[in-house]
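Q:
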Amino acid sequence: MHWDQIKGNWKVFKGKVKERWGKLTDDELDQIEGRRDQFIGKIQEKYGITKDEAERQANDFERGLK
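Its first residue numbered 1, the sequence shown is counted upward by one per residue in our numbering.
#1: Taking C-beta to C-beta, are TRP3 and GLU33 nearer than 7 angstroms?
#2: With respect to the alpha helix (DSSP H) encompassing ARG20, which residues constitute its N-terminal and C-terminal limits?
#3: Apply the 10 Å Cβ neighbour rule to LYS51 and answer buried if 16 or more other Cβ atoms are within range, or exposed otherwise.
#4: If we ignore side chains and look at the alpha-carbon of each, how far apart do LEU24 and ASP60 end up?
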């Protein structure tokens with residue numbers, strides 16, 4: 001699945017995102033609105049990981065969706 005599809009259906013995918021990254025709040029997910037750059041930044045901030053690691057996790061998530 002491509003990120004454009006996730007962004008276009010963000011409300012549907014928010015639950016799956018929350019399952020994977022439980023530290024993200026509903027308010028934060030609402031603010032992200034499917035924007036990948038903001039999503040990556042928020043994962044970095046909440047989990048104390050590098051941008052590369054956040055990108056890898058987002059890519060893995062993307063690939064895992066069908």
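Heads up, the beta-carbon is just placed ideally off N, CA and C, and yes, glycines get one too.
Nothing here was measured: the structure is a model prediction, and the numbers come from that model.
A: Here's the rundown:
#1: Contact flag unset, no.
#2: Element bounds for ARG20: 10 to 20.
#3: By the neighbour-count rule (16 or more Cβ atoms within 10 Å), LYS51 is not buried but exposed.
#4: 18 angstroms
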